[in-house]
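Working notes, beginning with the structure itself.
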Amino acid sequence: MSGETVITVVGNLVDDPELRFTPAGAAVAKFRIASTPRRFNKTTNEWEDGDSLFLTCSVWRQAAENVAESLSRGVRVIVQGRLKQRSYEDREGVKRTVYEIDVDEVGVSLARATAKVEKNPASGVRTGERSPDADPWANAKPANGQQQGGGWGGGQQQPANQQPAAQGAGYSDEPPF
0 MSGETVITVV GNLVDDPELR FTPAGAAVAK FRIASTPRRF NKTTNEWEDG DSLFLTCSVW
60 RQAAENVAES LSRGVRVIVQ GRLKQRSYED REGVKRTVYE IDVDEVGVSL ARATAKVEKN
120 PASGVRTGER SPDADPWANA KPANGQQQGG GWGGGQQQPA NQQPAAQGAG YSDEPPF
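Here the sequence shown is numbered in numbering that gives the first Met the number 0, starting from 0 and rising by one per residue.
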């Protein structure tokens, strides 16, 4: 929606994600992250931690199931979503305000860790996206039957008396820059 505040936060999971299902069957995972800034103090020659920011995050549907299966307490994550503010009164009647993130994307930080990525089956394709099998250009050949050469659309044609030396001859593996 227009006017929403999109935010990206890097932090560590405070708890294991909690997976629940709505009465309609939609999965939702809630988790909290703590983001703590660090600064180098030149006078003491040491790193110092700033004040931690704790945010509750909610992620829905297939992403919720992926988060619950893949992440655990202590994992460093990158979260992007819409920042929401909610006010309420606690049991003592004190007004409180909390900030939460409705998560659009979440992933592990690879700055100090490694990860093995496994794609979900094609049934997990979001609305508006196409599966790789539905790509009409994946196996397309030139309409006139001629092989194109010169790498990235160089347009050079191979002489008629020469046969390609190997599969993919005439195409370059070199990047176009």
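Where is the CB? At the ideal position from N, CA and C, for every residue including glycine.
Cβ neighbours of residue 88 in the same chain (closer than 8 angstroms, five flanking residues each side left out): If we look at residue 88 and ignore the five residues flanking it on each side, its Cβ neighbours are 94 and 95.
Hey, residue 67 and residue 33 are a contact pair by Cβ (cut 8 angstroms); roughly how many whole angstroms apart? Going by Cβ atoms, the distance from residue 67 to residue 33 rounds to 19 angstroms, so no, they are not a contact pair.
Grab the span of the beta strand (DSSP E) containing residue 19 for me, first residue to last. Segment 17-20, the beta strand (DSSP E) holding residue 19.
Let's test the definition: count the other Cβ atoms within 10 Å of the Cβ of residue 116 and tell me whether it reaches 16, buried, or not, exposed. Under the 10 Å beta carbon count, residue 116 is surrounded by fewer than 16 other beta carbons and is classified as exposed.
Per DSSP, what kind of secondary structure is residue 40 in: helix, strand or coil? Looking at residue 40 - three-state DSSP - the assignment turns out to be strand.
Tell me where the beta strand (DSSP E) around residue 72 begins and ends. Counting along the chain, residue 72 falls outside any beta strand (DSSP E), and DSSP gives it neither H nor E.
In the structure shown, what three-state DSSP assignment does residue 111 receive? For residue 111, the three-state secondary structure derived from DSSP is coil.
Using 8 angstroms as the threshold, is the segment 12-32 in touch with the segment 52-66, meaning 3 or more CB pairs across them? Result yes; three or more Cβ-Cβ pairs closer than 8 angstroms.
Residue environment, residue 16, which counts as buried when at least 16 other CB atoms sit within 10 Å: Counting the other CB atoms within 10 Å of its CB gives residue 16 a total of 16 or more, which places it among the buried residues.
Who are the near neighbours of residue 4 in its chain, counting only those whose CB is closer than 7 angstroms to its CB and skipping five residues on each side? If we look at residue 4 and ignore the five residues flanking it on each side, its Cβ neighbours are 81 and 82.
Can you tell which of 48, 51 and 101 has its C-alpha closest to the C-alpha of residue 78? Looking from the CA of residue 78, the closest CA among 48, 51 and 101 belongs to 101.
Quick one, are the C-beta atoms of residue 11 and residue 61 less than 8 angstroms apart? Judged by beta-carbon spacing, residue 61 lies beyond the 8 angstroms limit of residue 11, meaning their Cβ atoms are not closer than that value.
If you reduce the DSSP assignment to three classes, tell me which class residue 27 lands in. In this structure, residue 27 counts as strand in the three-state DSSP scheme.
Return the chain-ordered list of same chain residues with a C-beta closer than 7 angstroms to the C-beta of residue 69, the five sequence neighbours on each side being excluded. Result list for residue 69: empty, nothing under 7 angstroms.
Straight-line CA distance for residue 76 to residue 36? Using only the alpha carbons, I get a separation of about 15 angstroms.
Straight-line CA distance for residue 127 to residue 90? Because the pLDDT at residue 127 is just 46, under 50, the model does not fix this residue reliably, and the point stays unresolved.
Given a cut-off of 8 angstroms on the beta-carbon distance, is the pair residue 9 and residue 108 in contact? Taking 8 angstroms as the cut-off, the Cβ atoms of residue 9 and residue 108 count as close.
What's the gap between the Cα of residue 114 and the Cα of residue 98? Straight through space, the alpha carbons of residue 98 and residue 114 are spaced by roughly 29 angstroms.
In the DSSP assignment, the beta strand (DSSP E) including residue 45 goes from what residue to what residue? Per DSSP, residue 45 belongs to the beta strand (DSSP E) from 45-48.
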